[in-house]
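S.K.:
Residue numbers (my numbering): -8 to 58.
(1) Excluding sequence positions up to five away, which residues of its chain have a Cβ less than 8 angstroms from the Cβ of residue 16?
(2) I need the straight-line Cα distance from residue 35 to residue -2, nearest angstrom please.
(3) Leaving out five residues on either side along the sequence, give the residues of the same chain with a beta carbon under 6 angstroms from the beta carbon of residue 13.
(4) Please check the pair residue 4 and residue 18, which I expect to be a contact at CB under 8 angstroms, by giving their CB distance rounded to whole angstroms.
(5) Is DSSP giving residue 9 helix, strand or coil here?
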């Protein structure tokens, strides 16, 4: 999956800076609906990466070595 710079910025602002979706939208100059949509997509992408679905590394539930 391709990384989206706007989604990355939204994750930083919502999760790490603890801004609201409205504050994030105002700061980025986009509508709040765009932030909601991008936040949903970013969370789905992050879930896939954590689960082990796209970076070539095994997720926590995948075996590293064959049995």
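The C-beta atom is built at its ideal place from N, Cα and C for all residues, glycine as well.
M.R.: For this structure:
(1) For residue 16, same chain residues with a beta-carbon under 8 angstroms away, outside a window of 5 residues either side, are 22, 23, 25, 26 in chain order.
(2) 11 angstroms
(3) Closer than 6 angstroms at the Cβ level, and outside the excluded window around residue 13, lie 23.
(4) 7 angstroms
(5) DSSP places residue 9 in the coil class of the three-state scheme, outside both helix and strand.
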